[in-house]
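Heads up, the thing below is written out as structure tokens.
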Amino acid sequence: MSARAEATAREIAAAANAGRVTIRDRAAREAWPYREIPCAGHPKRIYPVASLPIDIQRALGSGAPRQDFSPGRRTDARARSPGERGSQAGPRTDEPAPALPPSQEPFKAPSTTIETPLEARAAEDAQALRWERLPEKRRARAEAKLASVDAAIAIAEREGLRMPAACDRVTVGNSRWSSATLLAAWRAVRDLPRHRRAMALADRWEGRSRFADCDPEAWQSFKADYLRAEAPTLAMCGRTLRRLAAANGWTVPASDAALRRRLEREVSLEAITLARRGPEALKRMRPAQIRDREALAAMEIVCADGHRFDVLVLWPDGRPGRPVLVAWQDVRSGKILGWRIGREETAEAYRLSLADLLWKHGAPDHVIVDNGRGIASKALTGGSGAFRGKDRPGDPVGLLTALVGPGNIHWTIPYSGQSKPIERAFRDMASDIARDTRLAGAYTGKDTVSKPHNYGSRAVPLEEFRTIVADGIEQHNARRGRRGAGMQGRSCDEVFEATSAGREPKMLAPHQLARWLLAAEGMVARASDGAVTVHGTRYWCEGLAAELAGKPKERRRVVVRYDPEDLARPVQVEMPDGRVVGRAEPQGAVAYLDAEAAKRSKRAAARALRARREELDAHRATGGVELVELPAGAAPALPQAPAAEVPQLHVVGDKAAGYLEPDPELSASDAWLLETYDQSVAVGGGGD
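So in this note's numbering, spot 593 of the sequence shown is number 613, and the numbers just go up one at a time.
Shown next as structure tokens:
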């Protein structure tokens with residue numbers, strides 16, 4: 021036989037005495053090169069012989085016919101003559117055929133060819149997943165069928181029968197399965213491993229596969245109507261569909277149940293929930309993430325948020341309103357560590373409440389906050405990559421960023437109780453504090469539907485409300501019987517004390533803590549003297565003039581820390597990187613005729629002038645060495661400027677004398693003006 025250049029998988033299998041599936045699996049595993057040619061059903065792969073393994077090339081080159089390991093097998097019925105088929109049409113006998121073991125039955129059931137081991141693994145996983153989803157009744161049926169097949173195999177091996185005869189023997193007295201059913205089942209599982217045989221014998225009934233006729237356009241119209249945020253009922257959508265069908269000549273199901281069955285089959289429950297109830301409802305279909313808090317220590321992680329009470333409070337200006345509580349909580353114990361009451365959730369409330377925490381318990385390691393306008397302000401979290409605002413060159417580093425570092429501020433979304441346990445504490449406060457007996461008549465309800473019948477009958481004073489909130493938070497921290505993770509029936513205070521043992525608190529120095537009591541605002545100092553202006557009040561000191569006056573704009577950017585409740589106090593001026601420039605005093609306007617203020621200003625200016633002169637004298641000192649005079653010589657001639665024209669003055673009086681004769685009345689007026697100015701200077705202290 022002449023050497024061939026190409027061969028198909030069938031030809032290779034015949035030459036190598038192997039199965040076609042075996043050859044295809046080996047070709048995929050060893051990545052044999054091939055080309056495809058069009059063929060009926062699917063392309064046929066042609067393999068170049070020169071690129072095949074040596075053993076395959078030798079088999080193809082020898083041209084030896086495939087050996088038959090089944091000498092006693094029956095001839096296929098399609099290859100027999102009609103007479104032979106007729107002679108074999110009688111009843112089968114159970115005579116043994118010793119030359120043919122059961123494992124070498126020649127007939128092979130058609131099977132799907134798996135091209136790669138990865139695809140084979142995926143098919144096995146899919147089959148196992150389908151088996152797990154079957155009800156117990158259908159799995160028991162498959163296992164019972166496999167038990168009958170195993171019984172037929174045992175009979176065939178014990179008595180040397182062919183499998184058809186063995187299947188006939190098993191079905192005697194057993195009407196559950198016929199011999200043909202068991203024989204087909206054996207052919208389907210004989211090449212599979214033991215653990216996959218029952219899976220392969222499970223029936224593949226998938227339920228209802230046909231539905232009532234419905235035009236595609238009508239079905240799309242029904243789905244668009246049903247999958248709306250307004251969540252119309254199925255009956256309403258069915259009535260609308262039937263009206264449209266009558267107008268357009270569509271064919272639609274007659275019952276709403278048919279529409280429901282088809283909708284549930286085609287559209288997942290998650291998609292229906294998202295369309296009709298929104299993303300929050302879809303999120304609730306997934307279990308909440310469980311976070312382990314038992315490995316934490318006290319003050320390792322704190323979280324903060326704001327809560328608006330459903331209580332009317334009378335503010336100092338006489339206007340009623342619902343107050344906002346800004347609080348900080350220890351994540352490990354759930355204890356409220358610091359809080360403030362305000363009209364809104366502002367950066368000032370967060371700053372002052374955190375100052376309370378730092379004063380009592382020290383600095384935390386990590387902070388969890390959301391991107392609210394108050395906590396995400398640049399004064400607190402500037403430079404930490406917050407969700408709000410843009411980072412610009414020269415922006416101040418926030419107080420919280422400088423305290424714990426930008427990498428230790430963790431951002432969450434609002435109203436996320438899974439990441440901020442303080443949301444759970446607010447739920448208790450909304451009930452225990454807002455409904456306190458001392459606030460009777462001031463409770464407003466959580467919404468307009470929940471208003472009590474005595475709504476608006478009373479507004480509690482602010483100081484009284486603060487006292488009630490302080491008592492409620494103290495009771496919240498001290499209440500025992502907590503059942504959360506790691507609480508073991510203890511109170512928040514007890515858990516905080518237990519987890520604080522052995523941990524050194526990070527207490528701040530007094531000058532560091534003072535920064536938290538001051539508000540911060542970035543601005544550009546005035547170029548002439550370095551002064552800064554906060555809310556209309558000008559602040560200045562000599563250090564600002566020395567450090568900032570005359571500098572470019574980018575070098576005059578500063579951060580001013582001030583007390584928003586008392587602008588008459590001095591302010592602290594810092595560079596954006598935190599370096600302190602100086603402590604500036606307010607330079608507010610004084611009374612117009614305040615002589616003492618004028619004298620103080622003049623004395624300060626004189627001291628500054630004297631200090632600058634002494635500084636210049638020190639720099640100009642020559643150490644006793646006299647300056648050498650310039651050598652004598654002819655000075656270079658300088659160009660003469662043309663003489664300027666002198667305007668002629670027209671005066672009243674004696675021109676020859678060259679002076680003006682004073683008018684007696686004008687002289688008296690000038691004397692009065694000078695006397696008045698002298699008196700004003702004497703009172704005001706100078707006109708500078």
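For every residue, glycine included, the Cβ atom is placed at its ideal position computed from N, Cα and C.
Check, Outcome
"Contact belief for threonine 464 with arginine 342 at Cβ below 8 Å, rounded distance in angstroms", "7 Å"
"Residue ranges of each alpha helix (DSSP H) within the stretch 552-589, 4 or longer", "562-568"
"Beta strand (DSSP E) segment containing glycine 542, residue limits", "539-544"
"Cut-off 7 Å between Cβ atoms - residues of its own chain near tryptophan 536, not counting five sequence neighbours on either side", "Arg371, Leu374, Ala375, Leu378, Leu419"
"Start and end residues, alpha helix (DSSP H) containing lysine 380", "367-381"
"Cross-strand partners of glutamate 605 (DSSP beta bridge)", "Trp560"
"DSSP state of arginine 153 mapped onto helix, strand, coil", "helix"
"Cα-Cα separation between aspartate 188 and alanine 222, rounded to whole angstroms", "22 Å"
"Any non-hydrogen atom of the ligand COA closer than 7 Å to lysine 573 Cβ", "Looking at this structure, you won't find the ligand COA or any other ligand, since it has none at all."
"Simplified DSSP assignment, three categories, for proline 68", "strand"
"For valine 346 and phenylalanine 485, believed in contact at Cβ under 8 Å, the rounded distance", "About 15 Å; that fails the 8 Å criterion."
"Enclosing beta strand (DSSP E) for valine 41 [first to last residue]", "No beta strand (DSSP E) contains valine 41, which is instead part of the alpha helix (DSSP H) from 40-50."
"Exposed unless 16 or more other CB atoms sit within 10 angstroms - verdict on glycine 192", "With the sequence shown as reference, residue 192 is identified as valine, and glycine is not the correct amino acid for it. Answer is exposed; the Cβ neighbour count stays below 16."
"Three-way DSSP call (helix, strand, coil) for alanine 490 in this model", "helix"
"Sufficient close CB pairs (3 or more, under 8 Å) joining the stretch 315-334 to the stretch 516-523", "yes"
"Alanine 702 classed as buried or exposed, judged by whether at least 16 other C-beta atoms fall within 10 angstroms", "Note that alanine 702 scores a pLDDT of 42, beneath 50, so its modelled location is shaky; the value from the coordinates is reported in the next line. With fewer than 16 other Cβ atoms within 10 Å, it is exposed."
"Cβ-Cβ separation, alanine 205 to valine 169 (assumed contact under 8 Å), whole Å", "5 Å"
"With 16 other Cβ atoms within 10 Å as the buried cut-off, status of serine 123", "Because the pLDDT at serine 123 is just 36, under 50, the model does not fix this residue reliably, and the point stays unresolved."
"Beta carbon of tryptophan 431 nearer than 8 Å to that of valine 389", "yes"
"Close Cβ partners of valine 69 (< 7 Å) along its chain, the five nearest in sequence each way excluded", "Arg24, Ala25, Glu26, Ala27, Gln77, Leu80"
"Minimum length 4: unbroken alpha helix (DSSP H) runs contained in the stretch 254-336", "254-268, 276-286, 289-297, 299-304"
"Boundaries (first-last residue) of the alpha helix (DSSP H) holding histidine 531", "530-536"
"Any C-beta of chain C under 8 Å from that of glutamate 517", "Although the question refers to chain C, the structure presented lacks it and comprises just one protein chain."
"Other residues of its chain near aspartate 276: CB distance less than 7 Å, five sequence neighbours each side excluded", "Leu254, Ala255, Gly258"
"Reduced DSSP category for glutamine 349 - H, G, I as helix; E, B as strand; rest coil", "strand"
"Cβ contact check for the stretch 558-566 and the stretch 441-457: 3 or more pairs under 8 Å", "no"
"Residue from Lys355, Ala498, Ser548, Gly338 whose Cα sits closest to the Cα of valine 480", "Gly338"
"Glutamate 104 versus proline 184 - alpha carbon distance", "Reliability fails at glutamate 104, whose pLDDT of 38 lies under 50, so the model's placement of it is uncertain and no value is given."
"Bounding residues of the beta strand (DSSP E) (the contiguous stretch that carries tryptophan 239)", "First-last for tryptophan 239: 236-246, but that is the alpha helix (DSSP H), not the beta strand (DSSP E)."
"Segment limits, beta strand (DSSP E) that includes aspartate 390", "386-390"
"Supposed close pair glycine 509, arginine 500 - CB separation, criterion 8 Å", "7 Å"
"Distance, valine 209 Cα to arginine 285 Cα", "32 Å"
"N-terminal and C-terminal residue of the alpha helix (DSSP H) that isoleucine 442 is part of", "442-452"
"Valine 593 - containing beta strand (DSSP E), residue span", "591-594"
"Nearest-angstrom beta carbon gap, methionine 543 and valine 600 [assumed within contact, 8 Å]", "With a Cβ gap of about 16 Å, valine 600 and methionine 543 do not count as contacting."
"Counted within 10 angstroms of its Cβ, other Cβ atoms place lysine 571 as buried (16 or more) or exposed", "exposed"
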